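Since the structure comes first, as structure tokens, the remarks are kept for the end.
Protein chains: 4
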Amino acid sequence: MLSQFQAVGQGLFTQGLVSAQGGNLSVKLGEHLVITHRGSPLGSIQEGDLVQTGITKNSRATPLASTELEVHRCIYKNTSALAVVHAHPPYAVALSFTEEEIVPCDVEGRTLLPRVPILGADIEVKLEELADEIARLIGEHKVILIRGHGSFAVSQLLEEAYYYTVVLERSCRLRYLLKALDVDPGASPI
Amino acid sequence: MLSQFQAVGQGLFTQGLVSAQGGNLSVKLGEHLVITHRGSPLGSIQEGDLVQTGITKNSRATPLASTELEVHRCIYKNTSALAVVHAHPPYAVALSFTEEEIVPCDVEGRTLLPRVPILGADIEVKLEELADEIARLIGEHKVILIRGHGSFAVSQLLEEAYYYTVVLERSCRLRYLLKALDVDPGASPI
Amino acid sequence: MLSQFQAVGQGLFTQGLVSAQGGNLSVKLGEHLVITHRGSPLGSIQEGDLVQTGITKNSRATPLASTELEVHRCIYKNTSALAVVHAHPPYAVALSFTEEEIVPCDVEGRTLLPRVPILGADIEVKLEELADEIARLIGEHKVILIRGHGSFAVSQLLEEAYYYTVVLERSCRLRYLLKALDVDPGASPI
Amino acid sequence: MLSQFQAVGQGLFTQGLVSAQGGNLSVKLGEHLVITHRGSPLGSIQEGDLVQTGITKNSRATPLASTELEVHRCIYKNTSALAVVHAHPPYAVALSFTEEEIVPCDVEGRTLLPRVPILGADIEVKLEELADEIARLIGEHKVILIRGHGSFAVSQLLEEAYYYTVVLERSCRLRYLLKALDVDPGASPI
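Taken in sequence, the protein lines are chains A, B, C and D. The numbers in the working numbering rise by one with no breaks, and the one at position 66 of the first sequence is 66. The number in the working numbering is simply the position in the second sequence, starting from 1, with 1000 added. The number in the working numbering is simply the position in the third sequence, starting from 1, with 2000 added. The number in the working numbering is simply the position in the fourth sequence, starting from 1, with 3000 added.
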């Protein structure tokens, strides 16, 4: 499992989808989850950067888990997701200030993510307060964006949730590039 | 042959020309072709990511091949190409929404790719429906773009089709950067 | 300690936050500091690229130290910092020409760096003349920007000063992307 | 010497300053020069990618040398340069269409390259026809730009000519970013 976290973490970092310590990853294991350590550098995850805790119950290790543990737990409680990727993709975050939702206009994005909702009207709102809404929408859309913050993506496999994150960012960069030229790609939700 | 696929796949991925699972590569071997597996990550191709099948006949492995197998087959049937690279270069895809064709205005681009046609008026059109047109135009131009989707490049060598793809993207980025400043580089087809 | 310098230097270089020889790093060791060599390539630091000298007293090695040694010394004399990272982050430097201070509008940036002052009205001013002002402001803000030049970040750990630098650049890129669309993210200092 | 070419070639490629096969490097050795092979991939130079030939006399290997051999020769004949780096830096090439010369407005750029001339009014002009003018100007300025094509940089060391190329591109990116916001950084030649 470590190598899976390492490959996904490194992929996110080298593509600029997380900063040196931002973002977090988890997978569900029955009643437990394994999640990255608070402030762990996703670009170079070591064994000590993974923390196991319960989905509903705390363990001794719980305080070491990512500060966004409660959002991961809420997703696992309310959806069939087995893996969660939280990242800070830069073009997606930029568009979170200008769009109501993301509608990819490239074929890869449209096929995988026809519509990505954007949550959080105010960047002062705490992420935990949005946990229920995140869990509700992500069950349906696989990926959601939090305004001014970043993305959550879910799947049965960590690699796939990572893939959705990459595709979201690429679709958002395309929309951004067109927007900067005042070009409307003319795509509407499928 | 594996190392050739790996070098090209990694080059495409690290330069951002494909996402974590997008894009596909193939080479022709007599009546057969070797093509990347459906959804294989080009940035880290393993032996199991290569699939051999016939150019006209199916094999047991055919269902594992990239979803764009039929376009590759159509190119090999109708041109002298021995290698095909399909990628999703971001600036090229952005310009596919604003241009009728790509005319590079840098020396490297102009020398290799004087004119790159853009196909597909509507991003809802299935790629397979465009296969004949792709094969017809790519024989003449070496590289073509599909609107809102990506590029196909052909050559006798996989490395060269990869090189054309890189040059296309760099020429498109240059045109984009100038377009964003409202500068017309003034180049017309040679 | 070498491996720490190497990891941070490589991180800065691969993310484009320093050029091939720009930028410099130091840590405090009691009355001494270890700093990168004049013109050393941060992307590939070797043992010979580290220079030890006094914070107040010169040693034989002093002339080999980074040209910005005096700024590092001034910071160590006047603050509780144990590590300093000086980089040339491109979007931050771009915004240094357009803003009076940097106010991140993304959650990661706002949490870590609510306000980043910008010093130096005139890019002809020598950095040493700004050393006292840099030391005064950096004690309070952890990161400061020098107009047309780059960033200084301090912390107890080199990795953390590096992290602040990365976050500054990402927040500046976000503000730049919105500014280029004429979008005001509406965030004000916390 | 091979490792020097490899380090510089890889640095240029990973920073996007050359494409998969563009650009070329050389060093002077008395009456000879060692130059990269025609079409060699700078990102992964092997021993067979280096070609030795005379500065004034051809050898058997001359036809294998980079197509820009004559420009390198002309520089060595007319200046004291011992190393030449030719690259295709994207922002520098973009600005070559909009500026008469590059005047860096960042401190690193201004210190090293106060003024970078741009040659070649018409991108149809053959590079060899510009060789004399390149040699004349590069002796004075260390780096010059060819409109719509790329940069030449010279120094006593290959690493330093590479460094100048990196700094040029970073200064050009900064000027581009400001130009796209309609901001005049107000810097004039020193």
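C-beta: ideal position from N, C-alpha, C; glycine also. On a predicted model such as this, the values are computed, not experimentally measured, just so you know.
Inset, instruction - Might you give, ordered along the chain, the residues of its own chain that have their beta carbon closer than 7 Å to the beta carbon of Glu2047/C, omitting 5 neighbours on each side? - result: Leu2002
Inset, instruction - Using beta-carbon positions only, say whether Ile45/A and Gly9/A come within less than 8 Å of one another. - result: yes
Inset, instruction - Out of Val2027/C, Gly2039/C and Glu2031/C, point me to the one whose CA is closest to Glu3159/D's CA. - result: Gly2039/C
Legend entry - Range of the contiguous alpha helix (DSSP H) that encloses Val1167/B: Leu1158 to Ala1180
Legend entry - Residue-level contact to chain D via CB, Val2093/C, 8 Å cutoff: yes
Legend entry - For Gly1009/B, the first and last residue of its enclosing alpha helix (DSSP H): Leu1002 to Thr1014
Legend entry - Residues that Leu3174/D contacts on chain C, provided the C-beta gap is smaller than 8 Å: Pro2090, Val2093 and Ala2094
Legend entry - alpha helix (DSSP H) segment containing Leu3137/D, residue limits: Ala3131 to His3141
Inset, instruction - For Leu25/A, write down the residues that DSSP places opposite it in a beta bridge. - result: Val85/A
Legend entry - Range covered by the alpha helix (DSSP H) that runs through Ala1986/C: The structure shown does not extend to residue 1986/C, since chain C spans only 2001 to 2190, so no value can be given for it.
Legend entry - Partner residues on chain D for Leu1177/B, Cβ-Cβ distance less than 8 Å: Pro3090, Tyr3091, Ala3094 and Tyr3176
Inset, instruction - Kindly indicate which three-state DSSP category Leu3042/D falls into: helix, strand or coil? - result: helix
Inset, instruction - Locate the beta strand (DSSP E) running through Ile3075/D, then write down its first and last residues. - result: Note, Ile3075/D: premise wrong, no beta strand (DSSP E); alpha helix (DSSP H) at Leu3069 to Asn3078.
Legend entry - Whole-Å CB distance - Tyr3164/D paired with Val3143/D, under 8 Å assumed: 5 Å
Legend entry - Asp3132/D, buried or exposed, once every other Cβ within 10 Å from all chains shown has been counted against 16: exposed
Legend entry - Residue nearest to Asn3058/D in terms of C-alpha spacing, selected from Glu3140/D, Ser3096/D and His3032/D: His3032/D
Inset, instruction - Consider the Cβ of Thr165/A: report whether some Cβ of chain C lies at a distance smaller than 8 Å. - result: no
Legend entry - Cys2105/C to Ser80/A span [Cα, whole Å]: 33 Å
Legend entry - Where Leu3182/D falls, given that 16 or more other Cβ within 10 Å makes a residue buried: Note that residue 3182/D is Asp in the sequence shown here, rather than Leu. Exposed: under 16 other Cβ atoms inside 10 Å.
Legend entry - Beta-carbon proximity of Val2018/C to Ala2087/C, cut-off 8 Å: yes
Inset, instruction - Taking Val3027/D as the reference, give the member of Arg3173/D, Arg3170/D, Val3154/D and Leu3178/D with the closest Cα. - result: Val3154/D
Inset, instruction - Evaluate the contact criterion for the segment 49 to 65 of chain A versus the segment 107 to 119 of chain A: three or more CB pairs, one atom per stretch, below 8 Å. - result: no
Legend entry - Within-8 Å CB hit, Pro2189/C to chain A: At Pro2189/C, the pLDDT of 47 sits below 50, so the modelled position is not reliable; the number obtained from the coordinates is stated separately. Chain A, which has no Cβ nearer than 8 Å to the Cβ of Pro2189/C, makes this no.
Inset, instruction - Specify the secondary structure class of Thr3053/D as computed by DSSP and reduced to three states. - result: strand
Inset, instruction - Residues of the segment 148 to 162 of chain A with a CB closer than 8 Å to any CB of chain C: list them in chain order, please. - result: Gly148, His149 and Gly150
Legend entry - Where the alpha helix (DSSP H) containing Thr36/A begins and where it ends: Here Thr36/A belongs to no alpha helix (DSSP H); instead the beta strand (DSSP E) covers His32 to Thr36.
Legend entry - Beta-carbon contacts of Phe97/A that lie in its chain and below 8 Å, excluding the five residues immediately before and after: Arg147 and Gly148
Inset, instruction - Determine the closest residue to His141/A out of Val103/A, Asp122/A, Ala65/A and Gly186/A, with distance taken between C-alpha atoms. - result: Val103/A
Legend entry - Assumed close pair Val85/A, Ala161/A - CB separation to whole angstroms, cut-off 8 Å: 4 Å
Inset, instruction - Have a look at Thr2036/C and Leu2029/C and give me their C-alpha separation to the nearest angstrom. - result: 14 Å
Inset, instruction - Using a threshold of 8 Å, state whether the C-beta atoms of Val71/A and Leu127/A are closer than that. - result: yes
Inset, instruction - From the DSSP output, read off the bridge partner residues of Glu101/A. - result: Pro117/A
Inset, instruction - Mind checking which residues open and close the beta strand (DSSP E) that includes Val125/A? - result: Taken as a continuous stretch (DSSP letters only), Val125/A belongs to no beta strand (DSSP E), as it is neither H nor E.
Inset, instruction - Can you say whether Gln1156/B is buried or exposed, counting buried as having 16 or more other CB atoms within 10 angstroms of its CB? - result: exposed
Legend entry - Per-residue contacts from Val3183/D into chain F (C-beta, under 8 Å): Absence of chain F from the displayed structure is noted, the protein chains being A, B, C and D.
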